[in-house]
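Notes follow once the structure below has been shown.
Put into structure tokens, the structure is as follows:
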């Protein structure tokens, strides 16, 4: 298909997609490789990577296998990124579509709301929500969604503004179609490509967000996401800095590859917006 | 163009902009207060219960007295109205943990955060713009590739992790930089030149950790913006009238290409403030970060609310400055 060929012409995007696929498979297969609790103590503490072949990435301050924690952490990190991006996309598309389609005071109100959420220092807001409503995965996902929907809303609104008076929409109106059907069935599919690109980038942003929340010790205590592993290793940077370094590299590679995929989607879905 | 009339009309336009932005800021601030107020009152366990538990107050009469003093029996809208009214008089409430007014507790810590913010943005702007200009002038060469690869990495690295890794390398291994904090204990006083240098020395790593992420963004935006502007007609005209490529790039393209970067700068101000809170925790930087964590975990809500309100104010003020900068860069723009 046209989409696939245009996406695969971007070699970086292809490499990114390959790595993310690998990370996703690892996340799915985590229980197969490491069926037991990754937070279990298995060896002597602070084994450096390569010191013991049984623990290729070494062990942390408590003697837990770092590779096992990374593999299990992939699951938490990816899921949080995907779901948070989904929340942001639903809110952003909802607000943006309504604002762009109806215009007038609804538009004004929606854009003021977007401005409001851009003004509140986002991570501080997330921390407050998480602390007040409890450090569960769902709350973290919702909180990240709440602070990252504004660019998606602006993009959707701009697309709707450009499309709402086009002939095919007027034809739908003349046929007596309801607003909801026009928005969801007619305009939205045409407005979606740039929104998809943005949502894919929000996944990467959400992963960075979650890692910061967990790093600060406010993540879900039952989940060993990569950010939390960095935070746990912080006390030992003088003797065993690798405990911090390894999960950080995992975050960086994942976010990097997601960004590459976003670039590739951009090339494939809206050639007009290249190099933006 | 340089006539006195033109200057004064631009100053007038700037003043009009300032007035409009200040008027717009009022509903924005009200929105910030309402959202956070409602959020905090969604919390299970009232502020009063927590406070009495912490201070081990069990006497029902005292609890009742506290209830009255804090207006806990009032309906939510009345509590909100009272809070907004108090805010208008710069009364942010009282913090029992610090045993001082909330406003004072925040303003003690705010300058360190602002310093970190300003230095990070300055670094990001300088490095990002320079890298973007280089990449666009040497487009599709090794220079261009190096800039985009480095930018890609800094755009993906979590800032707190970058900070820790820099501590490991530059402070622990090489010993060039302090591990954290803002001043050397027992070092020169802040008033002396040595003291200022000491603070700058402590500022380097946190600034890099926070700023390089934004530098990466600005480099990418600047590059594509330069390439876009350099295709415009007026650039061709400038070249045709005999200016060198360098003169055109610096004198004509650069200024116009800065506009998108300035736009992003404004939009991201809130993110930078929040990001500095994380970096503060990595480097034990004495800003509002530690106050926020303490207040959030002890549910000291007046302080949390106060930080949100003041933080949003900082963002609004920074945005107004960005708007003025925007106007200065592009006189055609009459901001909405």
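Protein chains in written order, with the working numbering: chain A, 1 to 276; chain B, 277 to 612.
Backbone N, C-alpha and C define an ideal beta-carbon position, used for all residues, glycine too.
The structure presented is a predicted model; accordingly, all values stated were derived computationally and were not measured.
{"Query": "I'd like to know whether the C-beta of residue 410(B) is nearer than 8 angstroms to at least one C-beta of chain A.", "Result": "no"}
{"Query": "Within the same chain, show all residues whose beta-carbon is closer than 6 angstroms to that of residue 258(A), passing over the 5 residues directly before and after it, in chain order.", "Result": "203, 204"}
{"Query": "Taking 8 angstroms as the threshold (beta carbon to beta carbon), is residue 266(A) in contact with chain B?", "Result": "no"}
{"Query": "Would you say residue 568(B) reaches chain A, if we count a Cβ-Cβ gap shorter than 8 angstroms as a contact?", "Result": "yes"}
{"Query": "With a threshold of 8 angstroms between beta-carbons, can residue 419(B) be considered close to chain A, or not?", "Result": "no"}
{"Query": "I need the straight-line Cα distance from residue 92(A) to residue 394(B), nearest angstrom please.", "Result": "30 angstroms"}
{"Query": "Around the C-beta of residue 69(A), are 16 or more other C-beta atoms found within 10 angstroms, so that it is buried, or is it exposed?", "Result": "buried"}
{"Query": "Taking the straight line between their C-alpha atoms, what separation do you get for residue 8(A) and residue 238(A)?", "Result": "44 angstroms"}
{"Query": "When DSSP labels each residue in this structure, what does residue 237(A) get in the three-state scheme?", "Result": "coil"}
{"Query": "Out of 589(B), 499(B), 362(B), which has the shortest C-alpha to C-alpha gap to residue 297(B)?", "Result": "589(B)"}
{"Query": "Taking only runs of the alpha helix (DSSP H) that begin and end inside the segment 452-525 of chain B, which ones reach a length of at least 4 residues, in chain order?", "Result": "469-505, 509-516, 521-524"}
{"Query": "Just to confirm the assignment: which complete alpha helix (DSSP H) runs, minimum length 4, are found wholly within the segment 122-159 of chain A?", "Result": "122-133, 137-148"}
{"Query": "Considering residue 354(B), what are the terminal residues of the alpha helix (DSSP H) in which it resides?", "Result": "352-364"}
{"Query": "At the level of alpha carbons, what is the spacing between residue 368(B) and residue 383(B)?", "Result": "12 angstroms"}
{"Query": "Report whether the distance from the Cβ of residue 43(A) to the nearest heavy atom of the ligand SAM is below 7 angstroms.", "Result": "Looking at this structure, you won't find the ligand SAM or any other ligand, since it has none at all."}
{"Query": "Find the nearest neighbour of residue 21(A) within the set 158(A), 167(A), 268(A), 253(A), judged by alpha-carbon distance.", "Result": "253(A)"}
{"Query": "In the DSSP output, which residue or residues are listed as bridge partners for residue 246(A)?", "Result": "Residue 246(A) is not bridged to any residue."}
{"Query": "Once you ignore the five residues that flank residue 412(B) on each side, which residues in its own chain have a CB closer than 6 angstroms to its CB?", "Result": "499, 502, 503"}
{"Query": "Taking only runs that begin and end inside the segment 389-457 of chain B, name each unbroken alpha helix (DSSP H) of 4 or more residues, in chain order.", "Result": "418-432, 435-442"}
{"Query": "Use the C-beta contact count for residue 274(A): other C-beta atoms within 10 angstroms, 16 or more gives buried, fewer gives exposed.", "Result": "Low confidence applies here, because residue 274(A) scores a pLDDT of 46, under 50, leaving its location unreliable; read the following figure in that light. Burial call: exposed."}
{"Query": "Is residue 559(B) buried or exposed, if buried means 16 or more other CB atoms sit within 10 Å of its CB?", "Result": "buried"}
{"Query": "Hey, would you say residue 167(A) sits closer than 8 angstroms to residue 191(A), going by beta carbons?", "Result": "no"}
{"Query": "Kindly confirm or deny that the segment 169-185 of chain A and the segment 110-126 of chain A touch, where touching means at least three C-beta pairs closer than 8 angstroms.", "Result": "no"}
{"Query": "Go ahead and pull the three-state DSSP assignment for residue 370(B).", "Result": "strand"}
{"Query": "Are the beta-carbon atoms of residue 85(A) and residue 211(A) separated by less than 8 angstroms?", "Result": "no"}
{"Query": "Leaving aside the five residues before and after residue 596(B) along the sequence, list all residues of the same chain whose C-beta is less than 6 angstroms from its C-beta, in chain order.", "Result": "297"}
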